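Peer 1: Residue numbers (this note's numbering), protein chains in the order written: chain C, 1 to 341; chain E, 1001 to 1341; chain Z, 2001 to 2341; chain V, 3001 to 3341.
Number of protein chains: 4
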Amino acid sequence: MIEVGIVGGSGYGAVELIRLLQHHPEVTIKYIFSHSKANEPLSHTFPHLNHLTYQFVSIEETTVDCDVVFFATPSNVSKHLAPRFLEQGIKVIDLSGDFRLKNRDLYQQFYGEEAAPQALLDEAHYSIAEWSSIKEANLIANPGCFPTATLLGLHPLVEEQLIDLKSIIVDAKTGVSGAGRSLAQHVHYAEMNENLSAYAIGKHKHKPEIEQYLSGIAGQHVGVTFTPHLIPMTRGILATIYVNLNKKMTVEALYNLYRDKYSNDNFVRIRDIGEFPKTKEVYGSNYCDIGVYVDESNNQAIIVSVIDNLVKGASGQAIQNLNKVFNLEQMTGLNQLPVYP
Amino acid sequence: MIEVGIVGGSGYGAVELIRLLQHHPEVTIKYIFSHSKANEPLSHTFPHLNHLTYQFVSIEETTVDCDVVFFATPSNVSKHLAPRFLEQGIKVIDLSGDFRLKNRDLYQQFYGEEAAPQALLDEAHYSIAEWSSIKEANLIANPGCFPTATLLGLHPLVEEQLIDLKSIIVDAKTGVSGAGRSLAQHVHYAEMNENLSAYAIGKHKHKPEIEQYLSGIAGQHVGVTFTPHLIPMTRGILATIYVNLNKKMTVEALYNLYRDKYSNDNFVRIRDIGEFPKTKEVYGSNYCDIGVYVDESNNQAIIVSVIDNLVKGASGQAIQNLNKVFNLEQMTGLNQLPVYP
Amino acid sequence: MIEVGIVGGSGYGAVELIRLLQHHPEVTIKYIFSHSKANEPLSHTFPHLNHLTYQFVSIEETTVDCDVVFFATPSNVSKHLAPRFLEQGIKVIDLSGDFRLKNRDLYQQFYGEEAAPQALLDEAHYSIAEWSSIKEANLIANPGCFPTATLLGLHPLVEEQLIDLKSIIVDAKTGVSGAGRSLAQHVHYAEMNENLSAYAIGKHKHKPEIEQYLSGIAGQHVGVTFTPHLIPMTRGILATIYVNLNKKMTVEALYNLYRDKYSNDNFVRIRDIGEFPKTKEVYGSNYCDIGVYVDESNNQAIIVSVIDNLVKGASGQAIQNLNKVFNLEQMTGLNQLPVYP
Amino acid sequence: MIEVGIVGGSGYGAVELIRLLQHHPEVTIKYIFSHSKANEPLSHTFPHLNHLTYQFVSIEETTVDCDVVFFATPSNVSKHLAPRFLEQGIKVIDLSGDFRLKNRDLYQQFYGEEAAPQALLDEAHYSIAEWSSIKEANLIANPGCFPTATLLGLHPLVEEQLIDLKSIIVDAKTGVSGAGRSLAQHVHYAEMNENLSAYAIGKHKHKPEIEQYLSGIAGQHVGVTFTPHLIPMTRGILATIYVNLNKKMTVEALYNLYRDKYSNDNFVRIRDIGEFPKTKEVYGSNYCDIGVYVDESNNQAIIVSVIDNLVKGASGQAIQNLNKVFNLEQMTGLNQLPVYP
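#1: If you drop the 5 nearest sequence neighbours on each side, which residues of the same chain put their C-beta closer than 7 Å to that of I97(C)?
#2: Does the beta carbon of L42(C) sit closer than 7 Å to a beta carbon anywhere in chain E?
#3: If you drop the 5 nearest sequence neighbours on each side, which residues of the same chain put their C-beta closer than 7 Å to that of S2285(Z)?
#4: Can you check which of these residues, D289(C), I140(C) and Y12(C), is closest to V68(C) by C-alpha distance?
#5: Could you tell me which residues DSSP puts in a beta bridge with C1145(E)?
#6: Whose C-beta lies closer than 7 Å to the C-beta of M2331(Z) among residues of the same chain, with five residues either side of it excluded?
#7: With distances taken between CB atoms, is the gap from A2072(Z) to L2042(Z) smaller than 7 Å?
#8: Is there a C-beta anywhere in chain Z that falls below 7 Å from the one on E1191(E)?
#9: Check F3071(V) in the structure and name its three-state DSSP category.
#10: For the beta strand (DSSP E) that H2080(Z) lies in, which residues bound it at each end?
#11: According to DSSP, simplified to helix, strand and coil, what is H3221(V)?
#12: Would DSSP call S2197(Z) helix, strand or coil?
#13: Keeping to the same chain, check which residues put their C-beta closer than 7 Å to that of V3015(V); ignore five residues upstream and five downstream.
#14: Is the number of C-beta pairs between the segment 1238–1247 of chain E and the segment 1145–1154 of chain E that are closer than 8 Å three or more?
#15: Which runs of the alpha helix (DSSP H) at least 4 residues long sit entirely within the segment 1129–1183 of chain E? Give them in chain order.
#16: What residues are listed by DSSP as bridge partners for T1227(E)?
#17: Can you tell me which residues form a DSSP beta bridge with R1259(E)?
#18: Within the 7 Å Cβ cut-off, does E114(C) reach chain V?
#19: Which residue's Cα is closest to the Cα of D1065(E): T1053(E), E1087(E), K1166(E) and S1297(E)?
#20: Taking 7 Å as the cut-off, decide whether the C-beta atoms of A3200(V) and S3305(V) are in contact.
#21: Going by the beta-carbon positions, is the gap between F2033(Z) and G2009(Z) smaller than 7 Å?
#22: Run through the DSSP bridge pairs and tell me what A1301(E) is partnered with.
#23: From G216(C) to K102(C), what distance separates their C-alpha atoms?
#24: Short check: CB of A3318(V) to CB of F3070(V), under 7 Å?
#25: Hey, out of V3007(V), E3003(V) and H3024(V), whose CA is closest to G3333(V)'s CA?
#26: Where does I1319(E) sit, in a helix, a strand or coil, going by DSSP?
#27: By a C-beta neighbour count over all protein chains shown, 10 Å radius and 16 as the cutoff for buried, is K2248(Z) buried or exposed?
#28: In chain V, which residues lie less than 8 Å from T2234(Z) when you measure between Cβ atoms?
#29: Helix, strand or coil for Y3054(V) per DSSP?
#30: Does chain C have any CB closer than 7 Å to the CB of Q2055(Z)?
#31: Do you know whose CA, among K37(C), L245(C), Q320(C) and D272(C), lies nearest Q55(C)'s CA?
#32: List, in chain order, every chain Z residue whose beta-carbon is nearer than 7 Å to that of S177(C).
#33: Considering only the alpha carbon of each residue, which of S1297(E), C1288(E) and F1326(E) lies closest to I1128(E)?
#34: Taking the alpha carbon of F3226(V) as the point to measure from, which residue in P208(C), P232(C), A198(C) and D171(C) has its own alpha carbon closest?
#35: Would F226(C) pass as an interface residue toward chain V - the criterion being a Cβ-Cβ separation below 7 Å?
#36: May I ask you to list, following chain order, the residues of the segment 257–291 of chain C that have a beta carbon less than 9 Å from some beta carbon of chain Z?
Have a look at this one:
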């Protein structure tokens, strides 16, 4: 059995790891770390797990002996704590933003904190699981929720050099759990219910993450317009992606490209022509569903990509990355069907 | 024009007073008080009012000169501040719980704070607007949201001595705005959405308030079982009230009793036999809709009573009470139809 | 492998069976029947299952060869179709109401249709899985959603003769999926959102079902007051149950009774004294969480019981019953943790 | 008093007209027409109006004598019925799409029905109230909900020739009430709740409406990319509009342009730089709130525009247009503040 520890145990990322790993035949949870809740039972924080007997432990007071540690923490935590695990030969899968950006200045600009040391950033493997090769990796930077939906939607087009790289607009929508479990006025139920807004226009942390990845494929700098919106629902991300095609292309051709690119990827489901995915159709599962559209009158393509932000956009992809690192079949422990309705 | 001030200007009670008074032909808002936001524009806290030019003022720094002051504050504020207005001859309408309970020990027990002085409590008029007589009143204790729905539903039965006073069970359900605007984990959107719970069983502040009022009508101590539930919606209260009838009674007789008792009360709408009100049918309005049911096999009656907790359960009834005190027609400024859908 | 067929394949009961059985190591789905959708792919009706290749088949046109058939149909279907399977030696687990009531007149009165033949009703085993003994059963009447939450909450008290049997009041609340997938004005999103109502007061089909079961334990007729409410959420039932105790009893004693009665039942979790369960704490899982309260001043007990109406209240319990019939461990395939948040 | 009739009385447009006109000092509702509900009381369909005594009447059986008729009907109704009122000298304000498109072929293509006669289309005045001049008009085509939010957001930029007309992308989001009151699987509560989708990509009726209007200002054909999304909430539209600027422009300059253009329009509120409106901030009111953003690195502007689809996007703007036609102050009867929270 692969023994894992989870840091940031009182947040949504951790609790989703616990739920999903319940079905993983090769993994056992050894530690659930929480600084603020150390020595309390897990069930005080999460009554829905009241039959489990885990207790939060403090990283400081424990000699950690396991194979992998997940960080399901806010940014600015893992960059301080990850080295001690790596030094012990424990692999680290980081769900936070600390190891995603290779450029320390960009991190400083968008996260408002000093970045991790360059050496660590260089060591980190940013892993959209369908596209990465991480068998030797010790430190995995698990992608952000918006980037996951966006990059799975854009990768084929950029790789095949089919679009005007200056034309990319990502209008993204997310459920409220993406904001985490911390309290804030705008996510108070009475404020958020029956409400809809755009936020962080031009300033969201996931913008440079998307740009870095696309630039890597394109071999040149790619900028994107990225506008996130907050939707009155708990889970789900839908990214509506607008691009100008370099040349005439039918919707059938685009559809075939996507089918082909993802033919070996069980978690990416390309929807039939004329059909567009809804967030509820991936709820609670690790699927990313993608629908494609072409306006032949002006060579514009529209890609609609949906994920569950807490699964494929966080904990599910983290487990998928673990599976890759440990040479397991990618779907191991991740075969949950969407919860519907 | 009647000039009013509103204390607690950054909360939901205040903002609903502002909305409703917009349509009141005889009232003008002179002050909106807020300690924490003093000197800030109202629109910083409430962007939906960004065309209004009000500024929050501090009570401490203002010489207040107006006719009425509304307290839309948490408990434990008005008992300290009301006297200074009363002394100036300014009427006080208190939407908080500070002047509702006549018994200081009960206040201490349920509110966990020392009660207002007995003399002030004696002076306060608790006013379910349909049943009270407050023309001479200077200090009005505006009823709680649950008590308003419950007492409008129970008053006719208790007044006519038709029920076993030991049998009263009130199973009450409320939208989340009843918990106010303050942050708390359980009203965080992602926790509250798709969720439903009972809370404060046997301990809710509104239990002694209901008991005090019913005891007053009955001329003897009346105890009630009162169980509040939190519903994933913003506005609305529905009280399902179970009582044992003293004697055989048809549903027609019960219906006629209610029609008769409320024949002069525009805000109380008795629904046809077999029809039960939904909270959305009073949304944003000052109506209380009531449906009645009798199980003749066991002489049990069920009363379903709905209000908008922020209107009839708070700010609307406060304005209705103002209208009574100033000898205005009760519906003045309160003729909003429910917002539907 | 146990081969199963599912009748009523286009409804919520069926789609939840499909989701849960995904994790069942001993069961394989052989048929998904639908009359109206025969020969269509499952994914046309349920795009969230677009990677599955099932096709709906018509019962009429198929020679059914399997071990068990689930009926996830509206009432008035299984009573006509079940006999043909039973005659072939295929076990039937019926999620509809057709075989729940032993009294044909009551069925006629509450369902408005003629009941199944008495012989079939006599053969049917009504199975609240925690309390039943069904190893030899061929025809299982899977309990209704409200009865499941209610009866798990009431069984210990009635069995131990601790309450006044005339005093039982069940104030029940359900999410909208309990109304099924069929269209109706009151479950249109814009009508149902931000809305709350009581319905079918005194007339709900689950009232005689609850009464029949309790009467069976008590050895005498037990009547209950049962009032369902519709809550603006998709999943979840919360039953608030009020009973008068026969004698003085502390909350500790009541708590210990429940802990004891359910000590071998993994799916029933008795919550600590002073803690009451929320529906989201069992979302997507087969758990029933119960909290207990005693008002010692008047010997009244309040039991709060929550389930996911589509899992423990329907498809989950149906699989639990299958496990019992086939001598499998009860939790086989049902170890999903609640989806939170 | 201006006497009005409302056709399509059982839909959301009608019921919102009734709510808003309640506060209009110069208008009285004389008729509420409904074919399917003729002779039934209004309150059977809308129990929230159970104190009103209106009865639905059939257009066929009534001699209509009033000043204005509102059509709050699906498309394909007013084009048949409007002429009879116009001939009698009764003004018509049409909330449906029948008179919006001047080009009969486009109507045929997008509505799938034959268009109204060209003469009638020529007579109709399409009226975004802030920008139109309709004092002499007899037939008003009230704009669609998406076009209202979009065109108020785009008009200044197009009028001032500041953008590349080929670059316009409108990513629009709407609450469910925009789909009307008719039943459909995708707006069933359990399907729509916690769900989010794009729909009608490239095919929505409001696309040619937006294009026709913009072309009119620009003096040349303007095409737009228009992608609507369905959001799990009842009311509200948010349009996120992306355009390429012709030349360098600061956000301050853009902000000042909008402030200037709408300086005399009470219902359009330009939000401070860096602030973007939320749909709840206009809930239940006739306001359109607009926030502007400029990315100076690539000369792209983003405009965020929000309205309540049933008020400014339908019935509120219809009353605003009535006010214009009858030379009343635009805000008459429309001074409702947003309902918050």
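For glycine and all other residues, C-beta sits at the position ideal for the given N, C-alpha and C.
All values derive from a computational prediction rather than experimental measurement.
Peer 2: With the given structure in hand:
#1: Counted from its first residue, the first sequence places residue 97(C) at position 97. Just to set this straight, residue 97(C) is Gly in the shown sequence, not Ile. S75, Y111, G144 and K205.
#2: Counting from one through the first sequence, the residue named residue 42(C) turns up at place 42. Not a single CB atom of chain E sits nearer than 7 Å to the CB of L42(C).
#3: By 1-based counting over the third sequence, the position of residue 2285(Z) is 285. Hits under 7 Å: D2308, V2311, Q2336, L2337 and P2338.
#4: As a position in the first sequence, residue 68(C) is number 68, starting the count at 1. Answer by Cα proximity: I140(C).
#5: One-based indexing of the second sequence puts residue 1145(E) at position 145. Note: C1145(E) sits in no beta bridge, so no partner.
#6: By 1-based counting over the third sequence, the position of residue 2331(Z) is 331. Sequence-distant partners of M2331(Z) (beyond 5 residues in either direction) whose C-beta falls short of 7 Å from its own C-beta, in its chain, are N2266.
#7: Position 72 of the third sequence holds residue 2072(Z). Position 42 of the third sequence holds residue 2042(Z). The Cβ atoms of A2072(Z) and L2042(Z) do not sit closer than 7 Å to each other.
#8: By 1-based counting over the second sequence, the position of residue 1191(E) is 191. Chain Z contact via Cβ: present.
#9: Taking the first residue of the fourth sequence as 1, we reach residue 3071(V) at position 71. F3071(V) falls in the strand class under three-state DSSP.
#10: Here the question's residue 2080(Z) lines up with position 80 in the third sequence. First-last for H2080(Z): S2078 to E2087, but that is the alpha helix (DSSP H), not the beta strand (DSSP E).
#11: Locating residue 3221(V) in the fourth sequence gives position 221, counting from the first residue. Reduced to three states, the DSSP call for H3221(V) is coil.
#12: The sequence position of residue 2197(Z) within the third sequence is 197, counting from 1. Here DSSP, grouped into helix, strand and coil, assigns S2197(Z) to strand.
#13: As a first step, residue 3015(V) is located in the fourth sequence; it is residue number 15 there, counting from the start. Correct list, in chain order: F3046.
#14: With the cut-off at 8 Å, the segment 1238–1247 of chain E and the segment 1145–1154 of chain E touch.
#15: As summarised for the segment 1129–1183 of chain E, the continuous alpha helix (DSSP H) elements at least 4 residues long and confined to that stretch are 1145–1159, given in chain order.
#16: For this step, residue 1227(E) is matched to residue 227 along the second sequence. According to DSSP, which records beta bridges pairwise, T1227(E) is partnered with D1171(E).
#17: Indexing the second sequence from 1 puts residue 1259(E) at position 259. DSSP lists no partner for R1259(E).
#18: The residue labelled residue 114(C) in the question sits at position 114 within the first sequence. Taking 7 Å as the CB threshold, E114(C) stays off the interface with chain V.
#19: The residue you call residue 1065(E) lines up with position 65 of the second sequence. For the options T1053(E), E1087(E), K1166(E) and S1297(E), the alpha carbon positioned closest to that of D1065(E) is the one of E1087(E).
#20: If you number the fourth sequence from 1, residue 3200(V) lands on position 200. If you number the fourth sequence from 1, residue 3305(V) lands on position 305. No, these two residues do not count as a Cβ contact at 7 Å.
#21: Within the third sequence, numbered from 1, the residue matching residue 2033(Z) stands at position 33. Within the third sequence, numbered from 1, the residue matching residue 2009(Z) stands at position 9. A Cβ-Cβ contact shorter than 7 Å links F2033(Z) with G2009(Z).
#22: Looking up residue 1301(E) in the second sequence gives position 301. DSSP lists V1243(E) and V1294(E) as partners of A1301(E).
#23: Taking the first residue of the first sequence as 1, we reach residue 216(C) at position 216. Taking the first residue of the first sequence as 1, we reach residue 102(C) at position 102. So the two alpha carbons sit approximately 11 Å from each other.
#24: Working through the fourth sequence from its first residue, we reach residue 3318(V) at position 318. Working through the fourth sequence from its first residue, we reach residue 3070(V) at position 70. Yes, these two residues count as a Cβ contact at 7 Å.
#25: On the fourth sequence, position 333 is the one that residue 3333(V) refers to. Nearest of V3007(V), E3003(V) and H3024(V) to G3333(V), Cα basis: H3024(V).
#26: By one-based count along the second sequence, residue 1319(E) stands at place 319. In this structure, I1319(E) counts as helix in the three-state DSSP scheme.
#27: Position 248 of the third sequence, counted from the start, is the residue given in the question as residue 2248(Z). Exposed.
#28: Taking the first residue of the third sequence as position 1, residue 2234(Z) is located at position 234. Within chain V, the residues Y3189, A3190, N3193 and E3194 have their CB atoms less than 8 Å from the CB of T2234(Z), given in chain order.
#29: Here residue 3054(V) refers to the residue found at position 54 of the fourth sequence. It is coil, neither helix nor strand.
#30: One-based indexing of the third sequence puts residue 2055(Z) at position 55. It does not: the Cβ of Q2055(Z) has no partner Cβ on chain C nearer than 7 Å.
#31: Stepping through the first sequence from its first residue, residue 55(C) is reached at position 55. Among K37(C), L245(C), Q320(C) and D272(C), the Cα nearest to that of Q55(C) is on K37(C).
#32: Against the first sequence, residue 177(C) aligns to sequence position 177. Below the 7 Å Cβ cutoff, chain Z contributes P2341 as neighbours of S177(C), in chain order.
#33: As a position in the second sequence, residue 1128(E) is number 128, starting the count at 1. Taking only the C-alpha atoms, the option nearest I1128(E) is C1288(E).
#34: On the fourth sequence, position 226 is the one that residue 3226(V) refers to. When P208(C), P232(C), A198(C) and D171(C) are compared, the shortest CA-CA separation from F3226(V) is found for D171(C).
#35: Counted from its first residue, the first sequence places residue 226(C) at position 226. Chain V contact via Cβ: absent.
#36: Cβ contacts with chain Z: N266, R269, R271, D272, E275, P277, K278, K280, E281, V282, Y283, G284, S285, Y287 and D289.
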